[in-house]
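Notes follow the structure.
There are 2 protein chains.
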Amino acid sequence: MSQTQTCLSLVLRHRPSGAPRREDFDLRSDPIPTPGPGEVLTRTIWLSIDPYMRGRLSDRASYAPSVQPGEVMTGETVGEVLASADPGFAPGDIVVGARGWQTHSLTPADRLAKIEPHGPPLSHYLGVLGMPGTTAYSGMTDIGKPKAGETAVISAASGAVGAVAGQLAKRAGARVVGIAGGAEKCLFVQEELGFDDCVDHRALDLTAELQAACPNGIDVYFENVGGRVQEAVFALLNPFARVVMCGMVSQYNAAEFPAGPNLGFVVGKRVLIQGMIVSDKPERFAEWRARARPWVIDGSLRYREDVTEGLENAPEALADVLAGRNFGKKLVRVGPDPAG
Amino acid sequence: MSQTQTCLSLVLRHRPSGAPRREDFDLRSDPIPTPGPGEVLTRTIWLSIDPYMRGRLSDRASYAPSVQPGEVMTGETVGEVLASADPGFAPGDIVVGARGWQTHSLTPADRLAKIEPHGPPLSHYLGVLGMPGTTAYSGMTDIGKPKAGETAVISAASGAVGAVAGQLAKRAGARVVGIAGGAEKCLFVQEELGFDDCVDHRALDLTAELQAACPNGIDVYFENVGGRVQEAVFALLNPFARVVMCGMVSQYNAAEFPAGPNLGFVVGKRVLIQGMIVSDKPERFAEWRARARPWVIDGSLRYREDVTEGLENAPEALADVLAGRNFGKKLVRVGPDPAG
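Sequence lines, in order, name chains G and U.
Under my numbering, the first residue of the first sequence carries the number 2, and numbering increases by one thereafter.
Under my numbering, the first residue of the second sequence carries the number 2, and numbering increases by one thereafter.
Written as structure tokens, this is what we have:
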């Protein structure tokens with residue numbers, strides 16, 4: 002794979018209706034820019050594809066501004082420094098940061114972090130060691146707080162966030178039950194990730210299967226999906242249960258949101274339901290990276306990636322993630338990875 | 002009013018369907034009992050009527066066991082000691098405790114607390130200084146945490162819990178907006194309780210009226226009612242809002258619960274929704290009584306009571322509370338009050 006001599010960017014053409022498609026974006030070609038003072042020029046190696054990106058494509062009010070038509074779509078990337086006008090970075094450095102759906106980026110140096118090249122695969126810094134892993138860590142640390150003997154349920158269990166959330170609950174001594182789509186993912190969640198059980202959300206009687214997997218009810222729920230999975234889990238919550246509201250991917254493409262659960266049970270069961278956004282505590286990123294890196298290296302923190310080739314396929318990769326067609330952390334390989 | 006020579010008790014005949022009615026109970030007559038070792042005989046002066054009682058009449062699983070047909074209905078009372086087989090109590094003492102819908106009770110001494118007779122009206126120990134006041138205090142202290150400059154919304158604002166919750170938020174420096182049923186209650190909430198504004202939940206466009214009353218959105222919501230009031234409030238919650246889930250009285254008579262809010266907003270706005278039951282922290286009762294008593298005496302904590310005469314009318318009093326036909330803390334006067 003050779004690098005392009007121009008900078009290619011995926012620019013939002015118009016807001017998607019339903020699932021994002023290739024036609025919602027223009028592939029724009031620009032000259033490769035030169036860094037001004039304090040800026041760093043990188044070529045993109047890995048682009049992260051995450052469910053939250055659907056919100057950036059919508060004009061619904063959200064915690065972060067939407068991408069406007071005509072703008073380059075945002076996203077976390079791992080890249081290689083090509084030129085630097087900042088003393089902290091030099092050509093050849095590998096960096097991680099929030100840039101965009103493009104082959105080259107100019108970024109202020111203070112928004113990049115250098116990656117140790119001789120460690121875990123570079124792509125891991127967008128997943129298990131990056132934003133999704135930190136999300137799982139923050140959510141379990143601040144809200145879920147699983148304890149030994151409790152039961153924790155994780156939806157989207159084979160995904161980038163869910164895989165880490167469940168393994169953290171397992172480390173805390175909880176019984177951990179995943180929810181995933183299809184037999185293959187469920188097998189992976191149990192055999193590879195080491196969850197105690199995993200329920201297929203396509204089951205005809207999801208509540209009954211979940212009940213069988215959680216004979217002592219549910220104390221912690223890490224919510225990534227919403228919809229009927231949420232309904233089934235909420236019905237089994239124990240007194241003083243904690244619900245980490247991390248995402249509701251099942252409705253990200255929806256124009257209208259379906260009704261939700263009647264919240265009467267929250268009172269009598271003293272349930273805590275709390276939303277979180279990982280960027281609220283930026284210090285958690287480095288904290289988690291330091292904690293998880295040895296676990297990744299010694300193989301005790303398990304993790305799976307699902308790679309799409311080529312920047313131009315990023316919209317389809319996002320559509321796959323929103324529909325659960327990915328199997329593990331979704332990444333787009335934009336340029337060659339020097340680490341292999 | 003003279004005391005009966007027998008003990009009259011309201012005994013559950015069969016579970017109510019919808020609103021509780023007189024016919025759901027039998028009025029049973031028994032000889033007045035004699036206390037055994039460690040027991041205290043009291044005559045009931047005041048019986049508290051509270052929304053949670055509807056749950057005790059239902060066979061739905063809840064945080065507290067249901068009253069079974071054939072059993073005396075439970076409830077908090079203020080009474081006068083007639084005879085005591087415990088050294089801590091003597092005839093003439095005024096006591097508060099959880100006993101039942103009856104004219105006389107035998108109670109283990111350790112479940113009674115003596116009341117200072119020359120202070121606030123005795124009935125207040127079932128309201129502003131009792132369980133409802135403590136509920137408001139616990140909910141605001143542990144979950145709501147209103148801060149200066151924030152906006153707090155209180156539903157059932159003229160009721161026993163809401164009146165205190167709002168005044169606590171006001172003391173914390175928040176802008177406080179009540180929601181109540183009808184112009185008379187709204188006027189009371191503003192003029193007497195000192196809330197900044199009050200919205201009638203019967204308004205045609207509740208959301209618009211609430212929005213006008215909360216120009217900076219809502220940071221704290223003290224939830225007592227559920228239903229369309231909940232929906233209107235949730236739509237206006239700010240990032241990092243806290244929802245004290247204290248009750249959802251609008252559905253306590255319902256056989257089937259309506260659907261609830263789609264919880265997607267909880268993620269992006271990092272909202273906290275948490276249920277509470279006052280009895281989880283029993284130490285709070287004495288703590289609140291000590292804190293609030295001077296405020297009641299100096300008149301800075303405002304409060305209204307709504308009295309029904311006669312034990313036999315307790316079922317109707319409960320039906321009134323569940324329908325919002327009370328105006329202030331509902332009490333049943335069961336026997337003469339020596340304090341006047």
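C-beta: ideal position from N, C-alpha, C; glycine also.
Endpoints, the alpha helix (DSSP H) within which residue i is located
i: M54(U); result: 54-57
i: Y222(G); result: No alpha helix (DSSP H) holds Y222(G); the beta strand (DSSP E) holding it covers 219-224.
i: C187(U); result: 184-192
i: T208(G); result: 207-214
i: A161(U); result: 161-172
i: V230(U); result: 228-235
Where the beta strand (DSSP E) containing residue i begins and where it ends
i: V244(U); result: 238-246
i: V333(U); result: 330-334
i: K115(U); result: 113-115
i: T136(G); result: Element bounds for T136(G): not the beta strand (DSSP E) but the alpha helix (DSSP H), 132-140.
i: L28(U); result: 26-32
i: L13(G); result: 7-13
i: G179(U); result: 176-181
i: V154(U); result: 152-156
i: S200(G); result: Sequence inspection shows Val at residue 200(G); the Ser mentioned does not correspond to that position. Start and end: 198-201.
Residue i: contacting residues in chain U (beta-carbon distance under 7 Å)
i: C215(G); result: Per Cβ cutoff of 7 Å: no residues; C215(G) is ~16 Å from chain U at best.
Sub-8 Å separation of residue i and residue j beta-carbons
i: Q275(U); j: L11(G); result: no
i: D220(U); j: A153(U); result: yes
i: P262(G); j: E310(G); result: no
i: V190(G); j: A158(G); result: yes
i: I50(U); j: V322(U); result: yes
i: A84(U); j: T35(U); result: yes
i: M141(U); j: V268(G); result: no
i: Q69(G); j: C8(G); result: no
i: P52(U); j: G183(U); result: no
i: V129(U); j: N225(U); result: no
i: F90(U); j: V82(U); result: yes
i: P121(U); j: V297(U); result: yes
i: V308(G); j: R334(G); result: yes
i: G150(G); j: G174(G); result: yes
i: A99(U); j: T135(U); result: no
i: Q168(U); j: L302(U); result: yes
i: A164(G); j: L194(G); result: yes
i: R1(U); j: K115(U); result: The displayed coordinates of chain U run from 2 to 341. Any statement about residue 1(U) would go beyond what the structure contains.
i: E40(U); j: L107(U); result: yes
i: P32(U); j: A86(U); result: no
i: L28(U); j: G71(U); result: no
i: A166(G); j: F223(G); result: yes
Closer than 8 Å at the beta carbon, the chain G residues around residue i
i: C247(U); result: V268
i: P240(U); result: Y64
i: I278(U); result: V268, G269, R271
i: D281(U); result: R271
Neighbour list for residue i in chain G, Cβ cutoff strictly below 9 Å
i: Q275(U); result: V267, R271, V272, L273, I274, Q275
Contacts of residue i in chain G (Cβ-Cβ under 7 Å)
i: Q252(U); result: G265
Using a Cβ-Cβ cut-off of less than 8 Å, give me the residues of the segment 195-208 of chain U that come near chain G, in sequence order. none
Interfacial residues, the segment 120-148 of chain U to chain G, with Cβ spacing under 7 Å: none
What are the residues of the segment 259-270 of chain G that lie near chain U, defined by any Cβ-Cβ distance shorter than 7 Å? P259, A260, G261, P262, N263, L264, G265, V267, V268, G269, K270
3-residue-minimum beta strand (DSSP E) runs that sit fully inside the segment 237-317 of chain U, ordered along the chain: 238-246, 273-276, 306-310
Quick one: which residues of the segment 150-173 of chain G get their C-beta closer than 8 Å to a C-beta of chain U? List them in chain order. Under the 8 Å Cβ criterion, the segment 150-173 of chain G contributes no residue.
When you check each C-beta in the segment 216-236 of chain G against every C-beta of chain U, which residues fall closer than 9 Å? E224, G227, Q231
Entirely enclosed alpha helix (DSSP H) segments - the segment 50-107 of chain G, minimum 4 residues: 54-57
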